[in-house]
Amino acid sequence: MTGLKAALLGTSAAVMTVCGAYAADPVQLDVEGEISTAVGIVDGDARADANAEVSVTGSTLLDNGIELGAIVSARLDGDQPRQQFAGGRYSSLLIGGPRGIAPLDSDAYLQGAAGYVKGPFGQIILGREQGIARTLAVTSPTIFRAVNVNNWQTDLSGINDVHTVNDFTGYSTKFTYMPPANFLGGALGGIAAGRILLTAALYYQHGIGRGSNRLFVGLGASYITADEDFQTASLAYEDYEAYALGLNLAYRGITLGGSVKTTNAGIASLEDDGYLAFDAGITFRTGEEKGDVALMLGYGQAEANVIGPNPLDPTLFRDTRTAQAGVSYVIGRGITVGAAAQYVESDTPVAAGGPEEAATVVIESSIKF
122 MTGLKAALLG TSAAVMTVCG AYAADPVQLD VEGEISTAVG IVDGDARADA
172 NAEVSVTGST LLDNGIELGA IVSARLDGDQ PRQQFAGGRY SSLLIGGPRG
222 IAPLDSDAYL QGAAGYVKGP FGQIILGREQ GIARTLAVTS PTIFRAVNVN
272 NWQTDLSGIN DVHTVNDFTG YSTKFTYMPP ANFLGGALGG IAAGRILLTA
322 ALYYQHGIGR GSNRLFVGLG ASYITADEDF QTASLAYEDY EAYALGLNLA
372 YRGITLGGSV KTTNAGIASL EDDGYLAFDA GITFRTGEEK GDVALMLGYG
422 QAEANVIGPN PLDPTLFRDT RTAQAGVSYV IGRGITVGAA AQYVESDTPV
472 AAGGPEEAAT VVIESSIKF
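FYI, the numbering for the sequence shown is 122 to 490, going by the numbering used here.
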């Protein structure tokens, strides 16, 4: 044991010596994050929510141009479950990767901790970090940080089940590789691997035309597969699979786009779609400086267990439709305030409470630093 400890200490010292010898720049620390609050009225009842996230990045550049770094992030979010949901937030089993590390009853948690190497070969990341499918995801455009028709951080209605970001891995420990930005003529792809799962994702952006009249096209696609855990082997479950595709078109201040995700949600059935969701939206921004204004319209829809109520749990059957309109105003650099009206309709079996609907008016403020 003493020999092993000495070997590890010796190896660490050697690595630090080599890095120090080849480092062209000292270690640089960058801190960034965001805070959002939402206060609203849902069918006459006052509700509120707050979210915060902060990350610290330390990096150094070697003489050979290779960058070494590490990222640690923390988050405050009472709506994020301890494990990632397999399909929709309210209509699927919590069988994915963890949200981070924290006590069971805590809304604050250590979200990620990872190291990376970046160079002409691309980027390699090892540790607890969000999945590559989330990093490269493209969904319908929005002007809000937390309140959205899709992939929300805040849901004051409590019934919005629309999620198209293909994020099953959560912040589990994984190995991720991203090719350089000019890979395949400008396509930025990525692949991540873990103990029992595999994720592949692709992002492509291209500008058509010249000057201020350029039309930008952004396309994202991802695929995730995970093996069924032998400890929970059952005829009711099977290997997890999910596909997602998103497209955005941007011209001057207008962005139009949408996305779709389909997954078996890890549940064995005679059909492929255990969960199917899509969203579409349009935004208009006058700019991102102080005094600028933005507008948005969005729609989302999801179907969970489209073959009928699941015998495992009647709450896993849910059809959701949601629409949102909003406006935001830039108060200062990184500081935005906005107002939105949202309507959500959810059809569930009588055993799970029956159909529900909610009309929400909300004011969201956010600070990004």
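Glycine included, C-beta positions come from ideal geometry on N, C-alpha and C.
Since this is a predicted model, take the numbers as computed values, not measurements.
Between which two residues does the beta strand (DSSP E) harbouring residue i extend?
i       : result
Ile-403 : 396-406
Ala-229 : 229-240
Ala-415 : 414-425
Ser-157 : 149-163
Gln-205 : 204-206
Glu-410 : Per DSSP, Glu-410 belongs to no beta strand (DSSP E) and is neither H nor E.
Asp-226 : It is not in any beta strand (DSSP E) - Asp-226 carries neither H nor E in the DSSP assignment.
Ala-171 : 166-182
Arg-249 : 243-249
Pro-219 : 215-219
Gln-261 : The amino acid at residue 261 is misidentified as Gln; the sequence shows Ser. Segment: none, Ser-261 is in no beta strand (DSSP E) and carries neither H nor E.
Thr-294 : 294-299
Gly-191 : As written in the sequence, residue 191 is Ala, which differs from the Gly given in the question. Run containing Ala-191: 188-197, per the beta strand (DSSP E) assignment.
Just how far apart, CA to CA, sit residue i and residue j?
i       : j       : result
Gly-387 : Val-193 : 30 Å
Ala-415 : Asp-348 : 43 Å
Leu-182 : Ala-191 : 12 Å
Ala-460 : Gly-279 : 19 Å
Tyr-420 : Asn-271 : 8 Å
Gly-315 : Ser-333 : Confidence at Gly-315 is low in this model, with a pLDDT of 49, below 50, so the placement of that residue should be treated as unreliable; the coordinate-derived value is given next. Their Cα atoms are separated by approximately 43 Å.
Gln-422 : Gln-149 : 44 Å
Tyr-372 : Gly-328 : 10 Å
Phe-265 : Glu-410 : 16 Å
Thr-263 : Val-163 : 21 Å
Ala-159 : Gln-204 : 24 Å
Gly-165 : Met-417 : 24 Å
Gly-455 : Ser-487 : 8 Å
Arg-255 : Ser-227 : 24 Å
Arg-210 : Thr-290 : 14 Å
Val-175 : Thr-441 : 32 Å
Gly-154 : Ile-484 : 20 Å
Phe-405 : Phe-490 : 23 Å
Gly-378 : Val-338 : 10 Å
Ser-449 : Pro-219 : 33 Å
Thr-168 : Gly-179 : Residue identity check: residue 168 is Arg in the sequence provided, not Thr. Distance between the alpha carbons of Arg-168 and Gly-179: 38 Å.
Leu-225 : Val-471 : 31 Å
Asn-269 : Val-238 : 34 Å
Ile-156 : Thr-376 : 24 Å
Ala-398 : Asp-184 : 48 Å
Ala-173 : Asp-288 : 20 Å
Counting only the same chain and skipping the five closest in sequence on each side, list residues whose C-beta sits under 6 Å from that of residue i.
i       : result
Met-137 : In this prediction, Met-137 scores a pLDDT of 40, lower than 50, which makes its location untrustworthy; the coordinate-derived value is nonetheless stated afterwards. Same-chain partners within the cutoff: there are none.
Leu-243 : The question names Leu, but residue 243 in the sequence shown is Gly. So the qualifying residues of the chain are Met-299, Pro-300, Pro-301.
Tyr-364 : Tyr-344, Thr-383
Gly-233 : Ser-194, Arg-249, Glu-250, Tyr-292
Ser-212 : Asp-282, Ala-425, Leu-437, Arg-439
Tyr-464 : Ala-444, Ala-480
Val-152 : Val-177
Leu-231 : Ala-195, Gly-221, Ile-222
Gln-326 : Gly-339
Tyr-361 : Ala-347, Gly-387
Thr-275 : Ala-159, Asp-170, Ala-267, Val-268
Val-482 : Gly-161, Ile-162, Ala-462
Ala-142 : Residue confidence for Ala-142 is low, a pLDDT of 48 falling below 50, so the modelled location carries little weight and cannot support an answer.
Gly-453 : Lys-411
Which same chain residues end up closer than 7 Å to residue i when comparing Cβ atoms and leaving out the 5 residues on each side of it in sequence?
i       : result
Gly-208 : Thr-384, Ala-386, Gly-395, Tyr-396, Ala-425
Thr-260 : Asn-271, Asn-272, Thr-285, Val-286, Gly-367, Ser-380, Asp-400
Val-451 : Glu-409, Glu-410, Lys-411, Gly-412, Asp-413, Thr-457
Tyr-358 : Glu-349, Gly-387, Ile-388, Ala-389
If I'm right that residue i touches residue j with Cβ under 8 Å, what's the distance once you round it to whole angstroms?
i       : j       : result
Ala-462 : Ala-446 : 6 Å
Phe-206 : Gly-199 : Actually they do not touch by this definition, with Cβ atoms about 15 Å apart.
Leu-277 : Gly-161 : 5 Å
Leu-214 : Pro-202 : At roughly 11 Å, the Cβ-Cβ gap does not stay under 8 Å, so Leu-214 and Pro-202 are not in contact.
Gly-240 : Glu-188 : 7 Å
Leu-319 : Thr-346 : 5 Å
Residues in the same chain with beta-carbon distance under 8 Å from residue i, minus the five sequence neighbours each way, listed in chain order, please.
i       : result
Ala-229 : Ala-195, Arg-196, Leu-197, Ala-223
Pro-476 : Glu-466, Ser-467, Asp-468, Thr-469
Thr-407 : Gly-374, Asp-413, Val-414, Ala-415
Pro-147 : Thr-181
Leu-336 : Gly-328, Ile-329, Gly-330, Leu-370, Ala-371, Tyr-372
Gly-186 : Gly-240, Pro-241
Would residue i count as contacting chain D if we go by Cβ distances under 8 Å?
i       : result
Pro-224 : This model lacks chain D altogether; it includes just one protein chain.
Along the chain, where does the alpha helix (DSSP H) that runs through residue i open and close?
i       : result
Thr-256 : 253-256
In the region 334-392, which residue ranges form an unbroken beta strand (DSSP E) of at least 3 residues, counting only runs that do not cross its ends? 336-347, 361-372, 375-384
What are the complete beta strand (DSSP E) segments, minimum 3 residues, inside the region 438-480? 439-453, 456-468
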